[in-house]
Amino acid sequence: MDGRSDSAPGAEGSCWACGAPVGPGDNYCRRCGKGQGSRVPWYYRHWGIILITLLGLGPFSLFYVWRSPLISREGKLAYTALISLATVFVLYELHRIWLMYQALLSGMQGF
Ligand SMILES: [Zn+2]
4 MDGRSDSAPG AEGSCWACGA PVGPGDNYCR RCGKGQGSRV PWYYRHWGII LITLLGLGPF
64 SLFYVWRSPL ISREGKLAYT ALISLATVFV LYELHRIWLM YQALLSGMQG F
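Set out below in structure tokens:
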């Protein structure tokens, strides 16, 4: 163990996106052009996924969560649960605001 084992996700001999062989020195897949290891696109990284979730992609960011080569299976399940809960919460709040708005409107028509 020299601590330099190529354990970076996506740099283990085959492309994380298409499965084509990737050499240890290749930063990009020769077949599909996807970045490997540290060159994996930002939207497959933890901070990128949190960013696009918050910026409005909402539950659609799960698409990137499940495609990401950088997030473990446990991490994907955790993201799915968290993003689903957040989505339900936001929908519930929007519904509540909509009901309040309706009540306000009917109240104004009532005199
Ligand atoms: Zn590829």
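Here the sequence shown is numbered in my numbering, starting from 4 and rising by one per residue.
By construction, the Cβ of each residue, glycine as well, lies at the ideal position given by its N, Cα and C atoms.
Quantities reported herein were computed from a predicted structural model and do not represent experimental measurements.
Item	Value
Outcome for VAL68 when other beta-carbon atoms lying within 10 angstroms are tallied against a minimum of 16	buried
Among HIS98, GLY28, ARG42 and PRO24, nearest to ARG34 - alpha-carbon criterion	PRO24
Beta bridge counterpart(s) of PRO24 as assigned by DSSP	SER17
C-alpha gap between ILE100 and LYS79, whole angstroms	31 Å
Neighbourhood of ILE193 by C-beta distance below 8 Å, restricted to the same chain and skipping five residues each side	With the chain running from 4 to 114 in the structure shown, residue 193 is simply not present.
Distance cut 6 Å, beta-carbon to ligand 3 heavy atom: residue list by chain order	Absence of ligand 3 is noted for the structure shown, with ligand 1 being the only ligands found.
Cα-Cα separation between PRO12 and GLU96, rounded to whole angstroms	Unreliable placement is indicated for PRO12, whose pLDDT of 49 sits below 50; no coordinate value is reported for it.
Of the residues LEU73, ALA84 and ARG42, the one placed nearest ASN30, counting alpha carbons only	ARG42
7 Å CB neighbourhood of ASN20 in its chain, flanking five on each side removed	The amino acid at residue 20 is misidentified as Asn; the sequence shows Ala. Taken in chain order, the residues that qualify are CYS32, CYS35 and LYS37.
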